[in-house]
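Visitor: To start, I am sharing the structure in question, which I have written as structure tokens.
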Amino acid sequence: MNRLFEKDATLSEYLGVILDRKWMVLTIVLITVVITAIFTFTATPVYKATTVLRVRYQPSILGGSEAFSYYYWSPNFLDTEMEVIKSRSIALGVISKLKSALLTKPSEWNDYFIEFNITEDTRPGNYKVIFIDDSDFNVLAGDGSVIGSGTNGERFKSDGLDFILKHPSGKQGLSCSFTILNFYPMVSDLRARTSVSLLEGIDLVQVSVFGSDPDQITREANLLTKVYMENSYVAEKEQAKSTKEFIEEQLEKTKETLAELEERENELMITEGIYDIDVNLSKMISNISDLEAQKLDLEIQLYALNSEIERTLKILNSDDDSFLDLVNHPIYTNKNITDAYHRYLTATDEKEKLLEFYTEEHPKIEELNAELITIKNNIKELLYDSLYTGNAGYKKRDLEDKIGELEYKIKQCDTELERYPAKSLSLVRTEREKMVNENMYNLLLSKYQEVKIEEAMRKTYIRVIDPAVKPLAPIGPKHRRNMVMGMILGVVLGLLSSIVLELLDNTIHTPEEVERFTKLPLVGIIPKPIADYEITQKNKFLNIFRREKPLEEFEDLFFNIIEFPKTPFSESFRTLRTNMLSTMVGKKLNSILITSVDRNEGKTTICTNLA
Numbered sequence: 049m050n051r052l053f054e055k056d057a058t059l060s061e062y063l064g065v066i067l068d069r070k071w072m073v074l075t076i077v078l079i080t081v082v083i084t085a086i087f088t089f090t091a092t093p094v095y096k097a098t099t100v101l102r103v104r105y106q107p108s109i110l111g112g113s114e115a116f117s118y119y120y121w122s123p124n125f126l127d128t129e130m131e132v133i134k135s136r137s138i139a140l141g142v143i144s145k146l147k148s149a150l151l152t153k154p155s156e157w158n159d160y161f162i163e164f165n166i167t168e169d170t171r172p173g174n175y176k177v178i179f180i181d182d183s184d185f186n187v188l189a190g191d192g193s194v195i196g197s198g199t200n201g202e203r204f205k206s207d208g209l210d211f212i213l214k215h216p217s218g219k220q221g222l223s224c225s226f227t228i229l230n231f232y233p234m235v236s237d238l239r240a241r242t243s244v245s246l247l248e249g250i251d252l253v254q255v256s257v258f259g260s261d262p263d264q265i266t267r268e269a270n271l272l273t274k275v276y277m278e279n280s281y282v283a284e285k286e287q288a289k290s291t292k293e294f295i296e297e298q299l300e301k302t303k304e305t306l307a308e309l310e311e312r313e314n315e316l317m318i319t320e321g322i323y324d325i326d327v328n329l330s331k332m333i334s335n336i337s338d339l340e341a342q343k344l345d346l347e348i349q350l351y352a353l354n355s356e357i358e359r360t361l362k363i364l365n366s367d368d369d370s371f372l373d374l375v376n377h378p379i380y381t382n383k384n385i386t387d388a389y390h391r392y393l394t395a396t397d398e399k400e401k402l403l404e405f406y407t408e409e410h411p412k413i414e415e416l417n418a419e420l421i422t423i424k425n426n427i428k429e430l431l432y433d434s435l436y437t438g439n440a441g442y443k444k445r446d447l448e449d450k451i452g453e454l455e456y457k458i459k460q461c462d463t464e465l466e467r468y469p470a471k472s473l474s475l476v477r478t479e480r481e482k483m484v485n486e487n488m489y490n491l492l493l494s495k496y497q498e499v500k501i502e503e504a505m506r507k508t509y510i511r512v513i514d515p516a517v518k519p520l521a522p523i524g525p526k527h528r529r530n531m532v533m534g535m536i537l538g539v540v541l542g543l544l545s546s547i548v549l550e551l552l553d554n555t556i557h558t559p560e561e562v563e564r565f566t567k568l569p570l571v572g573i574i575p576k577p578i579a580d581y582e583i584t585q586k587n588k589f590l591n592i593f594r595r596e597k598p599l600e601e602f603e604d605l606f607f608n609i610i611e612f613p614k615t616p617f618s619e620s621f622r623t624l625r626t627n628m629l630s631t632m633v634g635k636k637l638n639s640i641l642i643t644s645v646d647r648n649e650g651k652t653t654i655c656t657n658l659a
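Going by our numbering, the residue at position 2 of the sequence shown is 50; the numbering climbs one at a time, nothing skipped.
Shown next as structure tokens:
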């Protein structure tokens, strides 16, 4: 019978339960601390390498107005960039630069692959390079079939392989076998060990890589930022390139037109004999020139936007998965695309985990591949729709409407010009075209300089503030914290165990439990015969761990209480005798049964001393 369920337990009863099982509690605490110490001091140290980046939103400066930068801006710009840093494509780039998935035989050839890119199309397996002359080589698959031919020092790109091999002394017959390991687990591992966070209150991004090798994680952290910056710069440079070419073409045409107009103006002045233009005409020509300049500004913006849309359509019509990079572009982002992309990432992560154990032919992998194709098709359809219904479509219609309004105003001004005399009209028109083209030329020249500045700025809108350095000390395991937590856990487990055992215990501990269990009155209590060092209330706390003397030392007391009449042990028998006699008043007592559940529990001692 336990002491906690029979009635409302008090704090002292809980303490009594714990003290009764103090050795068990201490043992559990000790075992927990020892296990914690073993795991803490034998665990592999974990290091952390961190790079701090400044990633600023860099709007396009073409057009010089907020209207143009509208469709580039996203309030989740930094969140998007942080997801890009942790993306699979960036991790693949790091694995490529580290050549972690490349094993060469002979091993020194690893250094001759000065660049080895791993893409989604790269297939793990065994390959071989054989020089067919001093500069050219063939690449063979594992079955001996020729994949393609390349030249020493130049890029080889075929059948999912993309590398530059530069052997210092290539010659006919020279060969090397190389193996591309299964890089999916490497990519998953790197992404799992990478943490990207935004420093609170400032626009700085912290990129951290965790691992057991401080040199390795330092290289990985720096390469993560390098690959991210390279990928971002290439994408932005493509967009600026087409706009720059358009402006260069327009500049050349405008320059030629200006030369022709100046020559025509001089001829008209000589033939018509008019060397001065009316003030009102000059104002009207100036007004038309300003309108034409505004129109040209909008046309440049529209051209840049159309170039971006054309580039997007080209990507969407391609057979590869490059269109997935568009998902993070603010111009296309919407909730449906984001949700679909998250489903794609989830399925891809699941596939990467399964590829650690299964091949591509496994039914689970094939099922995931089918699901990925469906999701990618859905993303592609949503991207198509966003070109016409999203920010890009809205901005295009807005620019076209503004250009239409300016064309209408210019047409009205041209109509007013018709009211002037025909003699001066030819010169006026020539002067108008000349002024318009001069303004256009100045505007185009200004835009051209802006594009060149923008192209340079695209290199620096992502800047490394603090590159990763080799960590000198591990961040884990934290020995002191683990030991304290282990001790606390041990104490909690020990206390809970003692209470649970008490709740499950059906042993009788107290006189009250005897009365409740037997439903009979208790007539006496015989204590253990402890002689000289009875635990008093004063020294009770100091003696909670003292062992009692074995009962064998008190055998004389059991059988000869007459010699010790003043001991508590002897007094308890007198009390027992008195209680028994008082309960039998008026009754005849013929016999007394003294029994117990086991031997050597004091039946003979009680019979002898009671008699």
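Cβ atoms here follow ideal geometry from the backbone N, Cα and C, with glycine treated the same way. Being a predicted model, the structure only gives us computed values, none of them experimental.
Exposed or buried, I536, counting other C-beta atoms within 10 Å across all chains shown (16 or more means buried)?
Guide: exposed
Visitor: According to DSSP, is S644 helix, strand or coil?
Guide: Note: S644 maps to coil in three-state DSSP.
Visitor: Determine the DSSP secondary structure at D251, reduced to helix, strand or coil.
Guide: coil
Visitor: Kindly indicate the opening and closing residues of the alpha helix (DSSP H) around Y406.
Guide: Counting along the chain, Y406 falls outside any alpha helix (DSSP H), and DSSP gives it neither H nor E.
Visitor: Would you kindly check if the distance between the Cβ of I83 and the Cβ of V73 is under 8 angstroms?
Guide: No, they are not a contact pair.
Visitor: On the three-state DSSP scale, how would you describe D580?
Guide: Low per-residue confidence applies at D580: pLDDT is 43, beneath 50, and the placement is therefore not dependable, though the value from the model is reported in the following sentence. Note: D580 maps to coil in three-state DSSP.
Visitor: Could you check what DSSP says for I574 in three-state terms: helix, strand or coil?
Guide: coil
Visitor: Are K176 and S206 closer than 8 angstroms when you measure CB to CB?
Guide: no
Visitor: Take D580 and list the residues in its own chain whose beta-carbon comes closer than 6 angstroms to its own, dropping the five residues that flank it on each side.
Guide: Confidence at D580 is low in this model, with a pLDDT of 43, below 50, so the placement of that residue should be treated as unreliable; the coordinate-derived value is given next. So no residue of the chain qualifies.
Visitor: Going by beta carbon distance, what residues of the same chain come within less than 7 angstroms of I166, once the five residues before and after it are set aside?
Guide: L140, I143, S144, A149, F231
Visitor: In whole angstroms, what is the alpha-carbon distance linking N186 and S155?
Guide: 19 angstroms
Visitor: Determine whether the beta carbon atoms of A269 and V253 lie at a separation below 8 angstroms.
Guide: no
Visitor: What distance in whole Å lies between the Cβ atoms of T242 and L272, which are believed to be in contact at a cut-off of 8 angstroms?
Guide: 7 angstroms
Visitor: Could you pull the DSSP bridge partners for I212 from this structure?
Guide: According to DSSP, I212 bridges with E163, R203.
Visitor: Might you give, ordered along the chain, the residues of its own chain that have their beta carbon closer than 6 angstroms to the beta carbon of H215, omitting 5 neighbours on each side?
Guide: Y160, N200
Visitor: Using a Cβ-Cβ cutoff of less than 7 angstroms, which residues in the same chain neighbour D263 once the five nearest sequence positions on both sides are dropped?
Guide: K518
Visitor: Helix or strand or just coil, what does DSSP make of L658?
Guide: Helix.
Visitor: For V540, name the three-state secondary structure that DSSP assigns.
Guide: helix
Visitor: Which two residues bound the contiguous beta strand (DSSP E) that contains N174?
Guide: 173-179
Visitor: Under the three-state reduction of DSSP, which class applies to R241: helix, strand or coil?
Guide: coil
Visitor: Short of 6 angstroms in beta carbon distance, which residues of its chain neighbour G64, apart from the five on each side in sequence? Order them along the chain.
Guide: none
Visitor: Whose C-beta lies closer than 6 angstroms to the C-beta of I195 among residues of the same chain, with five residues either side of it excluded?
Guide: V187, A189, S206, D207
Visitor: Is it buried or exposed, D181, if we count other Cβ atoms within 10 angstroms and call 16 or more buried?
Guide: exposed
Visitor: Quick one: Cα of L624 to Cα of V532, how far?
Guide: Computed Cα separation, rounded: 53 angstroms.
Visitor: Cα separation between R622 and K567?
Guide: 24 angstroms
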